[in-house]
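**Student:** Chains as they are written, first to last, in our numbering: chain V, 186 to 525; chain Y, 5 to 388.
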Amino acid sequence: MKSKIAKISIATIAALSLSASVASADTLSDTLSQGYLKCGINSGLPGFASADSKGHWSGIDVEVCRAVAAAVLGDQTKVKYTSLNAKERFTALQSGEIDLLSRNTTWTETRDSSLGLNFAGVNFYDGQGFLVHKSLGVKNAKELDGAAVCVQSGTTTELNLADYFRKNGMKYKLVAYDSNDQVLKGFETGRCDVITSDSSQLYSLRIKLKNPAGSMVLPNIISKEPLGPVVRQGDDKWFNIVKWSYNAMVAAEEAGITSKNVDSMLKSNNPTVKRILGVEGKLGENLGLKKDFAYQIIKQVGNYGEVFERTVGMGSPLKIKRGLNALWTKGGLQYSPPFR
Amino acid sequence: MFALLRDRKVRGILFQLLTIIGLVAFLWYIGTNTVHNIEQRGIRTGFGFLTGTSGFAINDSPIAYNETYTYWRVFFVGLLNTIIISVIVIFLSSILGLIIGVLRLSNNWLIAKLSSAYIDIFRNIPILLQILFWYNVVLATLPSPRKSIELFGSIFINNRGFYVPKPDMNSTTIGVMVSVAFVFVFVFFLNRWANKRHEETGEDFPVLYTGLGLLVVVPIAAYFIFGANFNFSYPHLRGFNFTGGKTFYPEFLALTFALTIYTATFIAEAVRSGIEAVSKGQKEAAASIGLSSYQALKLVVLPQAIRIAIPPTINQYLNIVKNSSLATAIGYPELVTVFAGTTLNQVGQAIEIISMTMLVYLVVSLVVSALLNWINFKMKIKER
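1. Counting only Cβ-Cβ distances shorter than 8 Å, please list the residues of the region 330 to 358 of chain V near chain Y, keeping chain order.
2. In or out: N140(Y) buried (at least 16 other Cβ within 10 Å) or exposed?
3. Take every Cβ of the region 289 to 306 of chain Y, pair it with every Cβ of the region 146 to 156 of chain Y, and state whether three or more of those distances are shorter than 8 Å.
4. Taking the C-alpha atoms as reference points, what is the distance between A344(Y) and G352(Y)?
5. Using 7 Å as the limit for Cβ to Cβ distance, is N163(Y) near chain V?
6. Report buried or exposed for P239(Y), applying the criterion of at least 16 other Cβ atoms within 10 angstroms of its Cβ.
7. Inspect the beta-carbon positions of L286(V) and V415(V) and report whether they are closer than 7 Å.
8. Pull up the distance between the alpha-carbon of L339(Y) and that of E71(Y), whole angstroms please.
9. Nearest-angstrom Cα distance between T214(Y) and V180(Y)?
10. With a cut-off of 8 Å on the beta carbons, I'd call N303(V) and Q418(V) a contact; round off their distance for me.
11. Return the first residue and the last residue of the beta strand (DSSP E) that S382(V) is part of.
12. Starting from G314(V), follow its DSSP beta bridges and name the residues at the other end.
13. Name the residues in the region 63 to 90 of chain Y whose C-beta lies less than 7 Å from a C-beta of chain V; which are they?
14. Looking at chain Y, which residues of the region 408 to 434 of chain V have a Cβ within less than 8 Å of any of its Cβ atoms?
15. How far does the beta strand (DSSP E) with L412(V) in it extend, from its first residue to its last?
16. What is the DSSP secondary structure of Y139(Y), counted as helix, strand or coil?
17. Quick check on this structure: which residue in A281(Y), V304(Y) and V282(Y) has the alpha carbon closest to the alpha carbon of S1(Y)?
18. At the level of alpha carbons, what is the spacing between T565(V) and G413(V)?
19. With a threshold of 7 Å between beta carbons, is R311(Y) in contact with chain V?
20. Are the C-beta of A208(V) and some C-beta of chain Y separated by less than 7 Å?
21. Quick one: is S299(V) near chain Y, going by C-beta distance under 7 Å?
22. Under the three-state reduction of DSSP, which class applies to K532(V): helix, strand or coil?
23. So with CB distances below 7 Å, who are the chain Y contacts of A305(V)?
24. What are the partner residues of G165(Y), as DSSP defines its beta bridges?
25. How many angstroms separate the CA atom of V486(V) from the CA atom of L132(Y)?
26. Ordered along the chain, which non-local residues of its own chain (more than five positions away) have a Cβ less than 8 Å from that of L403(V)?
27. If you measure beta-carbon to beta-carbon, which residues of the region 253 to 275 of chain V are closer than 9 Å to chain Y?
28. Terminal residues of the continuous alpha helix (DSSP H) containing N377(Y)?
29. Just to confirm the assignment, what range does the alpha helix (DSSP H) spanning Y73(Y) have?
30. Quick check on L370(Y): buried or exposed, where buried means 16 or more other Cβ atoms within 10 Å of its Cβ?
31. Below 7 Å between beta carbons: does that hold for S389(V) and L472(V)?
32. Enumerate in chain order the residues of its own chain whose CB-to-CB distance from Y520(V) is below 6 Å, with the five nearest sequence positions on each side excluded.
33. Pick from A256(V), I406(V), D383(V) and C377(V): whose alpha carbon is nearest that of N162(Y)?
34. Could you give the DSSP three-state label for L285(V): helix, strand or coil?
35. By a C-beta neighbour count over all protein chains shown, 10 Å radius and 16 as the cutoff for buried, is M450(V) buried or exposed?
36. Given a cut-off of 7 Å, decide if G312(V) and M408(V) are closer than it, judged by their beta-carbon atoms.
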């Protein structure tokens, strides 16, 4: 539980550091000279970012940090993680406390246009859903009129919730907390009937419950939630690096390059594979990186499919299906512009 | 020129001037640098966001609010909730603090020990923990809405809050409320008149009994005059939750309990130190003219003790206002939760929002301390 003092001081420090720091627009050379990447992640969301007993972070959002570190510094371990709650995340990025925000953050017009942020891609296509106690006997979100709803405050989820109930002419009692832990506690103690959140989050919150079998996720999906990594506006070079580090993972999956076969793929005759791995052309150098940046990502972190299955997919407790997150060639939305 | 510098007065002025110039230059540098950085990073600036639609709900608002209102409205909802919780806690903790402070000096061993145990326990546990304790441990263990505790068939207590009947705002209700206010104002002036008469002639007037009598008679009279039409809205279970009546949410209750119990310990200590500062001779003198120990406390000791206790109590009142912002941990929608929290995250303009919030706390605290300093001044012993 972070106290309000911590929260206010982060916001205040952020406000102050906006005033004090001489704007540095070259994140790449800053990162190279300090030798590590400053990455902001969720404070605890299994599948997206959670720490094990030894303090090692894992999750699909954490892998984006690792990929960028591998691309820029050649070593996926050189990341300094800052765990942030929903309210702190943008100020932390704006103020330079972190250089990359990879914290299941929804890409919206307001955030893209007025917060001084750039979204560098979508590493998880999500949608908002509802988690209810089975004992309520509710089978559909349309039956939730009058329910008390727990939600994490300051999220797009909170706005979608208001829209959804208004659109359907239903009433609800809002119970807004600023951490997911308190949301879970509110649900378990019966302060609210329902939790609403991105449906991937609902699955990971559900396995944290004392009695997961006593609750269920409703079939309704009420919004589009494209989640992705975010950088500050005004540093296009850094924006490109993050964007193409992520694209490299998707392109690698499409080209059939995995962390296991990447070394043998170096000898491949396929020109696409050669360009991705930097055997041919100067794609990495155009970004201001080494030629083999994508090789490092794939070797050390893996391609998008590997990362997905390991963190949220069948190789994880969450068992989320690829669905919208399958490659475009397999009916999903994951698509990398060509490496050319 | 150098001779001038040896003049202590001139030197003093010079150094002060330099300090001011330095300070202004520093602030100017910070200001322009901030604006420059913000512009460079493409962050929206200014207070234009305040007229935008909020799009989110607030669970406990004293004024009309829903997601179609503006951020301005959110600001006022938060501000009002901060003020409401502060006023309630100031009132309750003063009463509790006064009682505990007096009891702590009681001659009864058990009462004195219990009071000092209460102070020692609650004063030394961090307030945030106490809030979380009330919220997550005490109130959360209440039964669910369908198994609510029912009192008199119209009051319901469950883990979603305390539900009580609420009178509709018709002419009878308003008439009775105005009449009660009228009685209080009347008794205030009656008391002044009675004191004056007591000083001049020595005759007593039973202000307390008159006041209590009026408090019963006048509202009843008002009730009949204004149409004898009380119409209560009763809470009742509908679907998942209770509707109708007035709801006190667990967030509000936990914050009120925790802040009251915590702050009362400090006020009790202020009262105790005030009482102990009154010299023993005063009590003995009171006893020697035949006052009972209750009379001595009420007429001789407390009036002097309260004067001493006021300045430290002011500090506690200011702490209440500031500590109310800890509500963000449990989601009570006061200023920091809904404005410096939710609104900040939806619009992302940290500098504007944090400055507005800090300014509010500064202004509220200055007003509270000005008010109490004025009372302190009025209460001071007038040396003749």
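Virtual Cβ for every residue (Gly too), placed ideally from N, Cα, C.
Note that the structure is a prediction, hence the values are computed from the model and not measured.
**Tutor:** Reading off the structure:
1. D330, G331, A332, A333, S338, G339, T340, E343, L344, L346, A347, D348, R351, Y357 and K358
2. Counting from 1 along the second sequence, the entry for residue 140(Y) is found at position 136. With 16 or more Cβ atoms within 10 Å of its Cβ, N140(Y) is classed as buried.
3. no
4. Taking the second sequence and counting its residues from 1, one reaches residue 344(Y) at position 340. Taking the second sequence and counting its residues from 1, one reaches residue 352(Y) at position 348. Their Cα atoms are separated by approximately 10 Å.
5. For the purposes of this step, residue 163(Y) is identified with residue 159 of the second sequence, where counting begins at 1. Output row for N163(Y): interface = yes.
6. As a working note, residue 239(Y) is residue 235 in the second sequence. Buried: at least 16 other Cβ atoms inside 10 Å.
7. On the first sequence, residue 286(V) is found 101 positions in, with the first residue counted as 1. On the first sequence, residue 415(V) is found 230 positions in, with the first residue counted as 1. Going by C-beta atoms, L286(V) is nearer than 7 Å to V415(V).
8. Sequence index remark: in the second sequence, residue 339(Y) carries index 335 (1-based). Sequence index remark: in the second sequence, residue 71(Y) carries index 67 (1-based). About 17 Å.
9. Indexing the second sequence from 1 puts residue 214(Y) at position 210. Indexing the second sequence from 1 puts residue 180(Y) at position 176. The straight-line gap from Cα to Cα measures roughly 19 Å.
10. Working through the first sequence from its first residue, we reach residue 303(V) at position 118. Working through the first sequence from its first residue, we reach residue 418(V) at position 233. Correct: roughly 5 Å between the Cβ atoms.
11. If you number the first sequence from 1, residue 382(V) lands on position 197. V379 to D383 is the span of the beta strand (DSSP E), which, as asked, contains S382(V).
12. The sequence position of residue 314(V) within the first sequence is 129, counting from 1. Beta-bridge pairing links G314(V) to S382(V).
13. N63 and E71
14. R417, Q418 and G419
15. Taking the first sequence and counting its residues from 1, the one referred to as residue 412(V) is at position 227. Looking at the DSSP string, the run of the beta strand (DSSP E) that includes L412(V) is E410 to L412.
16. Residue 139(Y) sits at position 135 when you count from the first residue of the second sequence. In this structure, Y139(Y) counts as helix in the three-state DSSP scheme.
17. The structure shown does not extend to residue 1(Y), since chain Y is modelled only from 5 through 388, so no value can be given for it.
18. Because chain V is modelled from 186 through 525, residue 565(V) falls outside the range shown and cannot be assessed.
19. Taking the first residue of the second sequence as position 1, residue 311(Y) is located at position 307. With 7 Å as the cut-off, R311(Y) does not count as an interface residue toward chain V.
20. Numbered from its first residue, the first sequence carries residue 208(V) at position 23. Note on A208(V): pLDDT 44, under 50, position unreliable in the model; no value is reported.
21. The residue you call residue 299(V) lines up with position 114 of the first sequence. S299(V) counts as touching chain Y.
22. Only positions 186 to 525 of chain V appear in the structure, and residue 532(V) is not among them; the question remains open.
23. Here the question's residue 305(V) lines up with position 120 in the first sequence. Ordered by position in chain Y, no residue passes the 7 Å Cβ test against A305(V), which lies about 15 Å from the chain.
24. What you label residue 165(Y) is simply residue 161 of the second sequence in a count that begins at 1. N162(Y).
25. Position 301 of the first sequence, counted from the first residue, corresponds to residue 486(V). Position 128 of the second sequence, counted from the first residue, corresponds to residue 132(Y). Distance between the alpha carbons of V486(V) and L132(Y) is about 41 Å.
26. Against the first sequence, residue 403(V) aligns to sequence position 218. G314, F315, L316, V317, V323, K324, N325 and A326, listed in sequence order.
27. A271, K272, E273, R274 and F275
28. Walking along the second sequence from the start, residue 377(Y) turns up at place 373. Its alpha helix (DSSP H) spans residues A354 to M383.
29. In the second sequence, the residue the question calls residue 73(Y) occupies position 69. Neither: Y73(Y) is in no alpha helix (DSSP H) and is coded neither H nor E.
30. Counting from 1 along the second sequence, the entry for residue 370(Y) is found at position 366. Exposed is the call here.
31. For the purposes of this step, residue 389(V) is taken as the residue at position 204 of the first sequence. For the purposes of this step, residue 472(V) is taken as the residue at position 287 of the first sequence. Cβ distance not < 7 Å, so S389(V) and L472(V) don't count as in contact.
32. Residue mapping note: residue 520(V) aligns to position 335 of the first sequence, counting from 1. Only W513 meet the Cβ criterion.
33. The residue labelled residue 162(Y) in the question sits at position 158 within the second sequence. Among A256(V), I406(V), D383(V) and C377(V), the Cα nearest to that of N162(Y) belongs to C377(V).
34. Translated into positions along the first sequence, residue 285(V) becomes position 100. Of the three classes helix, strand and coil, the one that applies to L285(V) here is strand, per DSSP.
35. Looking up residue 450(V) in the first sequence gives position 265. By the neighbour-count rule (16 or more Cβ atoms within 10 Å), M450(V) is buried.
36. Here residue 408(V) is taken as the residue at index 223 of the first sequence, counted from 1. Here residue 312(V) is taken as the residue at index 127 of the first sequence, counted from 1. It is Ser, not Met, that sits at residue 408(V) in the sequence shown. Contact flag set, yes.
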